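*Asks:* Numbering (the working numbering), first residue to last: 39 to 107.
Cβ atoms here follow ideal geometry from the backbone N, Cα and C, with glycine treated the same way.
Just so we're clear, the structure is a prediction, and the values are computed from it rather than from any experiment.
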């Protein structure tokens, strides 16, 4: 009887580990999607050619003013 209990507990632990691993893969995929969206929100400075967010008016690296429109 104790052997059956140990086997049952082992199966439950294994199932929980597999479920947890699948959840972490989904979270990693969501992080990749968010990273790609954030990457598209950046532009390159015309002066120093480094990337920064589109919402910035000045380049944080060289200080040049970004021309809008």
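#1: Under a three-way DSSP split, which group does residue 102 fall into?
#2: Which residue's Cα is closest to the Cα of residue 101: 68, 83, 93?
#3: Tell me the rounded alpha-carbon separation between residue 88 and residue 99.
#4: Should residue 86 be labelled buried (16 or more other beta-carbon atoms within 10 Å of its own) or exposed?
#5: Pull up the DSSP beta-bridge partners for residue 80, would you.
*Replies:* Per the coordinate set shown:
#1: Position 64 of the chain shown, counting from 1, holds the residue named residue 102. Three-state result, residue 102: coil.
#2: Counted from its first residue, the chain shown places residue 101 at position 63. Here the closest residue by C-alpha is 83.
#3: Within the chain shown, numbered from 1, the residue matching residue 88 stands at position 50. Within the chain shown, numbered from 1, the residue matching residue 99 stands at position 61. If I take the Cα positions, the gap works out to 8 angstroms.
#4: Taking the first residue of the chain shown as position 1, residue 86 is located at position 48. Classification for residue 86: exposed.
#5: The count along the chain shown starts at 1 and reaches residue 80 at position 42. BP columns for residue 80 point to 91.
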